[in-house]
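Take the position in the sequence shown, starting the count at 1, then add 131; the result is the number in my numbering. Glycine included, each C-beta is placed from N, C-alpha and C at the ideal position.
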Amino acid sequence: MKNTAIISEDKDVHAEGQGMIIKLANWITRKNLPFTVISTGMIVMLLWAGSYKMTAPGADGIVPLVDNSPLISWHFKLFGVYHGSDLIGLTEVIAAILIITGMFKPKAGVVGGAVAVVMFFVTSTMLITTPGALVNVNGINYMSFLGLFLFKDVLNLGASLYLISQFGHKAVLDQHPGK
Numbered sequence: 132m133k134n135t136a137i138i139s140e141d142k143d144v145h146a147e148g149q150g151m152i153i154k155l156a157n158w159i160t161r162k163n164l165p166f167t168v169i170s171t172g173m174i175v176m177l178l179w180a181g182s183y184k185m186t187a188p189g190a191d192g193i194v195p196l197v198d199n200s201p202l203i204s205w206h207f208k209l210f211g212v213y214h215g216s217d218l219i220g221l222t223e224v225i226a227a228i229l230i231i232t233g234m235f236k237p238k239a240g241v242v243g244g245a246v247a248v249v250m251f252f253v254t255s256t257m258l259i260t261t262p263g264a265l266v267n268v269n270g271i272n273y274m275s276f277l278g279l280f281l282f283k284d285v286l287n288l289g290a291s292l293y294l295i296s297q298f299g300h301k302a303v304l305d306q307h308p309g310k
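This is the structure we're talking about:
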């Protein structure tokens, strides 16, 4: 009889724990925290990184990334390092402004997210094309700090897709309030 009580008590504690987890998950959903955190982080990062690329150190810092990318190496050849970096930075700032605008006009957020998807797709491929992004240690390939820096753009690509879906959903609801 004693063992049955312990098992029953364990089930109650387990159910109570699940209840708390479900309540937390519902609260996070109601507050739309994933969207708030992702959009705020994306906006801050794009504004900060974009403005930094409009400086000489920022431009010089992306030369090895751009020069080794078959998708964008033409960019510096066409515009030069400093003007080319300014254009990349301006694109990031515009994407951030569109995402901010998306809070009030969701279609602008969809466009900002799409711009970010293109940017982060290109930079994600730099993980493969940039020398030094992968290092071999004892026969095993690892991402170097440069590789890890570039890998974050795979996550940013996913975050940008998430923003497109959220802004797109809001745009549909704004057009068809009953749905």
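Next item on the list: Apply the 10 Å Cβ neighbour rule to G244 and answer buried if 16 or more other Cβ atoms are within range, or exposed otherwise.
Entry: buried
Notebook entry, point to check: How many whole angstroms separate the CB atoms of L202 and T261, which I take to be in contact at a CB cut-off of 8 Å?
Noted result: Wrong, their Cβ atoms sit about 12 Å apart, outside the cutoff.
Notebook entry, point to check: Per DSSP, what kind of secondary structure is L202 in: helix, strand or coil?
Noted result: coil
Notebook entry, point to check: What three-state label does DSSP hand N267 in the structure shown?
Noted result: strand
Notebook entry, point to check: Any idea what DSSP makes of M250, helix, strand or coil?
Noted result: helix
Checklist line | Coil, strand or helix - N157 by DSSP | finding: helix
Checklist line | Where N272 sits in the DSSP three-state scheme | finding: strand
Notebook entry, point to check: In chain order, what residues of the same chain lie with their CB nearer than 6 Å to the CB of V144, ignoring the 5 residues before and after it?
Noted result: Residue placement at V144 is poorly supported in this model, since its pLDDT is 48, which falls under 50; the coordinates still yield a value, given next. For V144, where only same-chain residues beyond five positions count, there are no Cβ hits under 6 Å.
Next item on the list: Please work out which residues of its chain come closer than 6 Å, Cβ to Cβ, to G220, disregarding the five sequence neighbours upstream and downstream, and give them in chain order.
Entry: G181, K184 and M185
Check: Buried or exposed: which applies to F251, given that a residue is buried once 16 or more other Cβ atoms fall within 10 Å of its Cβ?
Finding: buried
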